[in-house]
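Undergrad:
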Amino acid sequence: PSDYKLPCTLKIMHTASHNNDVWSFLPQPLSEYDVSEVSAFIPPEPPLTKFSDPNYSPWECIYASKCGIMAINTDQSISGSIQNKPIPLIDQYTYLGLIFNKKWQSKQTVQNNKNKMEKAMYASFNFLKNPSIPTNIRLMVLKSVLIPIGTYGGKLFGMSEQRCKPIQRVADNALRIIANVGKSAPMHRIRQEMGVTSINTRASDLRERAYFKYPTLRTWISDLVKQPIRSQTSTWVTGTARWMKRYCQTVGRGNTVKALQHRYT
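Those letters in the sequence shown? Residues 33 to 297, per the numbering used here, in order.
Following this line, the structure appears as structure tokens:
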């Protein structure tokens, strides 16, 4: 139509076309802006695979002295090396606060958790003993601070009341301080009145959760759980499955806590 108005950009190009200068309004080639037409802003050459400067060589090596080989349930001597350096043979190592030994037992982990929980209990003794603070507030400290310290890594040592006894003693001592009762008080009844879960119940729930969660992960733990190692001794997978089959009416998520509550009542 005759009354149609061109946009501003088209007006400029329409005006410039009469002067044969329309190409001056088009964008310049990418090469003039140091931009590649193939790789855009990414450099066309491949990235460095190795630092040429000798000052960076220490960062490219693996220190064998910080590594270790641990033989599980065997007395045979095992040797290994990394980058032509011998790897020391160790009896135990600590990973994320959990202590592992060559016997693959959890006693040292339980003892370590017990010591840390006991230290935290004595650090908060005045708070737990103070009668001017409401009991619910002091119980929250026990449930949300002290017990999680004791049950850290509970998926490894759960489903065994005997293994959890050292940590349970510390939890009972903290509960006695809050309730202001002596050693002769029935702790099972006090835990029920205060709404405090036992250490074995909490650790067993963590172990059950891990048993059903690990097969869904995209790591090696999924294959280890789905295809357990054949051994004459009990493993973590076989021990968990045997315990749930023995004490739970049906094997499923959440039945471990119900089974333990039924045993204690």
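For every residue, glycine included, the Cβ atom is placed at its ideal position computed from N, Cα and C.
(1) Taking Cβ positions, are ILE199 and ALA211 nearer each other than 8 Å?
(2) Measure how close the beta-carbons of LEU238 and THR183 come, nearest whole angstrom, since I'm counting them as under 8 Å.
(3) Give me the residue from ILE253, ARG195 and ALA206 with the minimum Cα distance to LYS175.
(4) ARG195: buried (16+ other C-beta within 10 angstroms of its C-beta) or exposed?
(5) Buried or exposed: where does ARG274 fall if 16 or more other Cβ atoms within 10 Å of its Cβ makes it buried?
(6) Start and end of the beta strand (DSSP E) containing THR126?
(7) What number of angstroms, rounded off, separates the C-alpha of SER97 from the C-alpha of PRO120?
(8) Output needed for MET276: all residues of its chain with C-beta closer than 6 Å, excluding positions within five of it in sequence on either side, in chain order.
(9) Which first and last residues belong to the beta strand (DSSP E) in which LEU160 is found?
(10) Taking only the alpha-carbon atoms, compute the straight-line gap between LYS197 and LEU130 and give it to the nearest angstrom.
(11) Might you give, ordered along the chain, the residues of its own chain that have their beta carbon closer than 8 Å to the beta carbon of ILE253, omitting 5 neighbours on each side?
(12) Could you give the distance in angstroms between the alpha-carbon of GLN259 and the alpha-carbon of ASN144?
(13) Roughly how many angstroms lie between the CA atoms of ARG234 and ASN287, to the nearest whole one?
(14) If I measure Cβ to Cβ from ILE261 and keep anything under 7 Å in the same chain, skipping five residues before and after, which residues do I get?
(15) Pull up the distance between the alpha-carbon of PHE159 and that of GLU225, whole angstroms please.
(16) Work out the CA separation of ILE94 and SER236 for me, nearest whole Å.
(17) Using DSSP with H/G/I as helix, E/B as strand and the rest coil, what is PRO24?
(18) Starting from ASN232, follow the beta strand (DSSP E) in both directions and report where the run begins and ends.
(19) Output the distance between the C-alpha atoms of PRO180 and SER109, rounded to the nearest integer angstrom.
(20) Under the rule that 16 or more other beta-carbon atoms within 10 Å means buried, what is ILE231, buried or exposed?
(21) Keeping to the same chain, check which residues put their C-beta closer than 8 Å to that of LYS123; ignore five residues upstream and five downstream.
(22) For LYS161 and ILE114, which I take to be in contact (beta-carbon distance under 8 Å), what is that distance rounded to the nearest angstrom?
(23) Among GLY190, ASP255, VAL213 and ASP204, whose alpha-carbon lies nearest the alpha-carbon of ARG241?
(24) Identify whether LYS117 lies in helix, strand or coil by the three-state DSSP scheme.
(25) What is the residue span of the beta strand (DSSP E) that LEU131 lies within?
(26) So what does ILE110 bridge to, in DSSP terms?
TA: From the atom records:
(1) Position 167 of the sequence shown holds residue 199. Position 179 of the sequence shown holds residue 211. No.
(2) Translated into the one-based positions of the sequence shown, residue 238 becomes position 206. Translated into the one-based positions of the sequence shown, residue 183 becomes position 151. LEU238 to THR183, Cβ: 7 Å. Contact.
(3) In the sequence shown, counting from the first residue as 1, residue 175 sits at position 143. It is ALA206.
(4) If you number the sequence shown from 1, residue 195 lands on position 163. So ARG195 counts as buried.
(5) As a working note, residue 274 is residue 242 in the sequence shown. Flag for ARG274 reads exposed.
(6) The residue you call residue 126 lines up with position 94 of the sequence shown. THR126 -> beta strand (DSSP E) spans 124–127.
(7) The count along the sequence shown starts at 1 and reaches residue 97 at position 65. The count along the sequence shown starts at 1 and reaches residue 120 at position 88. C-alpha separation (whole angstroms): 7 Å.
(8) The count along the sequence shown starts at 1 and reaches residue 276 at position 244. Excluding residues within five positions, the ones whose Cβ falls inside 6 Å are VAL283.
(9) Taking the sequence shown and counting its residues from 1, one reaches residue 160 at position 128. No beta strand (DSSP E) contains LEU160, which is instead part of the alpha helix (DSSP H) from 157–161.
(10) On the sequence shown, position 165 is the one that residue 197 refers to. On the sequence shown, position 98 is the one that residue 130 refers to. Rounded to the nearest angstrom, the two C-alpha atoms are 18 Å apart.
(11) For the purposes of this step, residue 253 is taken as the residue at position 221 of the sequence shown. Hits under 8 Å: TYR246.
(12) What you label residue 259 is simply residue 227 of the sequence shown in a count that begins at 1. What you label residue 144 is simply residue 112 of the sequence shown in a count that begins at 1. In a straight line, the C-alpha of GLN259 is about 31 Å away from that of ASN144.
(13) Locating residue 234 in the sequence shown gives position 202, counting from the first residue. Locating residue 287 in the sequence shown gives position 255, counting from the first residue. Each residue's Cα considered, the two are about 13 Å apart.
(14) The residue you call residue 261 lines up with position 229 of the sequence shown. Cβ within range, chain order: THR267.
(15) As a working note, residue 159 is residue 127 in the sequence shown. As a working note, residue 225 is residue 193 in the sequence shown. Their Cα atoms are separated by approximately 21 Å.
(16) Working through the sequence shown from its first residue, we reach residue 236 at position 204. Working through the sequence shown from its first residue, we reach residue 94 at position 62. SER236 and ILE94: Cα-Cα distance of roughly 38 Å.
(17) The shown model of the chain, from 33 to 297, leaves out residue 24, and the question about it has no answer.
(18) For the purposes of this step, residue 232 is identified with residue 200 of the sequence shown, where counting begins at 1. Note, ASN232: premise wrong, no beta strand (DSSP E); alpha helix (DSSP H) at 231–245.
(19) Start at 1 with the first residue of the sequence shown, and residue 180 comes out as number 148. Start at 1 with the first residue of the sequence shown, and residue 109 comes out as number 77. Approximately 38 Å, taken between the alpha carbons.
(20) Within the sequence shown, residue 231 is the residue found at index 199, counting from 1. The residue is buried, with at least 16 neighbouring Cβ atoms inside 10 Å.
(21) As a working note, residue 123 is residue 91 in the sequence shown. A small fix is needed here, since residue 123 is Asp in this sequence, not Lys. Excluding positions up to five away in sequence, the list reads MET102, ASN133 and LYS134.
(22) Translated into the one-based positions of the sequence shown, residue 161 becomes position 129. Translated into the one-based positions of the sequence shown, residue 114 becomes position 82. Contact doesn't hold; Cβ gap of about 53 Å is too wide.
(23) For this step, residue 241 is matched to residue 209 along the sequence shown. Nearest of GLY190, ASP255, VAL213 and ASP204 to ARG241, Cα basis: GLY190.
(24) Position 85 of the sequence shown holds residue 117. LYS117: strand per DSSP, three-state reduction.
(25) One-based indexing of the sequence shown puts residue 131 at position 99. Reading off the sequence, residue 131 comes out as Ile, not Leu. Start and end: 130–133.
(26) By 1-based counting over the sequence shown, the position of residue 110 is 78. Beta-bridge pairing links ILE110 to no other residue.
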